[in-house]
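The block underneath contains the structure these notes are about, expressed in structure tokens.
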Amino acid sequence: MLAYFQDMVQFVKNRKSRDDVKFLKSAPDEEHLLHKVILIMGYFGDCRGQKLLNMKIYHIKDRDSVMVVDIPESKKDICKKFTIVEENEFSALGLVRKYLPICLCGSGSERYFLTYREKSCTVQPVGKNTFGKMPSKIANFLGLPDPEAFTGHCLRRTSATALVNAGANMTTLKRHGRWRSSTVAEGYLADSMEYVHLVKTSSEPFLLSQVRELDLNNGGCVWCLARKI
12 MLAYFQDMVQ FVKNRKSRDD VKFLKSAPDE EHLLHKVILI MGYFGDCRGQ
62 KLLNMKIYHI KDRDSVMVVD IPESKKDICK KFTIVEENEF SALGLVRKYL
112 PICLCGSGSE RYFLTYREKS CTVQPVGKNT FGKMPSKIAN FLGLPDPEAF
162 TGHCLRRTSA TALVNAGANM TTLKRHGRWR SSTVAEGYLA DSMEYVHLVK
212 TSSEPFLLSQ VRELDLNNGG CVWCLARKI
């Protein structure tokens, strides 16, 4: 059983290099810069489409080695803060900084995400449906099977799965996603391909802590474009 979990951890780490990181590194910025920034915001901030829709330019504050993003929570009338830092595999800060001046040039409003075409932004803000279709476009670029199955919820599932496999416990996960119910929080993990595969194929009761511990021992964390199945 230990060998099985080690094999599965390696499978998850391989998906990290194949999917999201591959897209962030290989997709041309001329066409996909907006998609990259949305992916980064969704990953670091556990952002659903409505949060991205409400994001304003003044919510992003550049602090040199880190970016602080302050997003109002419309449902609870409170603010959520998260940070964006550099990753070993790609330049998260570099991509966000590259997009910001383009956004400012095209902005006729305070909205952060504007329609992006031919290296420039128009005055038209990105709509909710566009956010929902973005994971499908990424999957299509990567040549993944059934790209239509990748929905807007992928951003939150990816963020939640990565956090847990980096060593977070349930309390931290619930705080990250602002979920009150453990069942709801676990649902975002159960929707990922890796989590479902582990649960369905294991002949023994599945413990998240086992995979989390093994993953940390192997020096990695999950970064996957988690598909809803």
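In this text, residue positions in the sequence shown follow the numbering used here: the first is 12, and each later residue adds one.
Backbone N, C-alpha and C fix where the C-beta goes; we use that ideal spot for every residue, glycine too.
None of these values were measured; they are calculated from a predicted model.
Three-state secondary structure (DSSP) of residue i
i: residue 157; result: coil
i: residue 31; result: helix
i: residue 125; result: strand
i: residue 93; result: strand
i: residue 141; result: helix
i: residue 1; result: Missing from the structure shown is residue 1; the chain here goes from 12 to 240 and no further.
i: residue 66; result: coil
i: residue 116; result: helix
With 16 other Cβ atoms within 10 Å as the buried cut-off, status of residue i
i: residue 206; result: At residue 206, the pLDDT of 47 sits below 50, so the modelled position is not reliable and the matter cannot be decided from this model.
i: residue 39; result: exposed
i: residue 132; result: buried
i: residue 3; result: In the structure as shown, the chain starts at 12 and stops at 240, and residue 3 therefore has no counterpart that could be examined.
i: residue 58; result: buried
i: residue 60; result: buried
i: residue 156; result: exposed
i: residue 138; result: exposed
Option in the options with minimal Cα separation from residue i
i: residue 102; options: 30, 36 and 58; result: 36
i: residue 30; options: 47, 122 and 41; result: 47
i: residue 150; options: 143, 161 and 32; result: 161
i: residue 56; options: 91, 75 and 110; result: 91
i: residue 129; options: 143, 41 and 95; result: 41
i: residue 108; options: 100, 75 and 138; result: 75
8 Å Cβ cutoff met for residue i and residue j
i: residue 51; j: residue 114; result: no
i: residue 97; j: residue 104; result: yes
i: residue 64; j: residue 49; result: no
i: residue 123; j: residue 66; result: yes
Proximal residues to residue i (C-beta, below 7 Å), its chain only, five neighbours per side dropped
i: residue 127; result: 44 and 45
i: residue 148; result: 46
i: residue 93; result: 55, 56 and 80
Nonlocal neighbours in the same chain, by C-beta distance under 8 Å from residue i, ignoring five residues either side
i: residue 72; result: 78, 79, 80 and 81
Beta carbon proximity, residue i to chain B, threshold 8 Å
i: residue 120; result: Absent from the structure: chain B. Only one protein chain is present.
Same chain, Cβ closer than 6 Å to residue i, neighbours up to 5 away in sequence not counted
i: residue 135; result: 126
i: residue 145; result: 46 and 49
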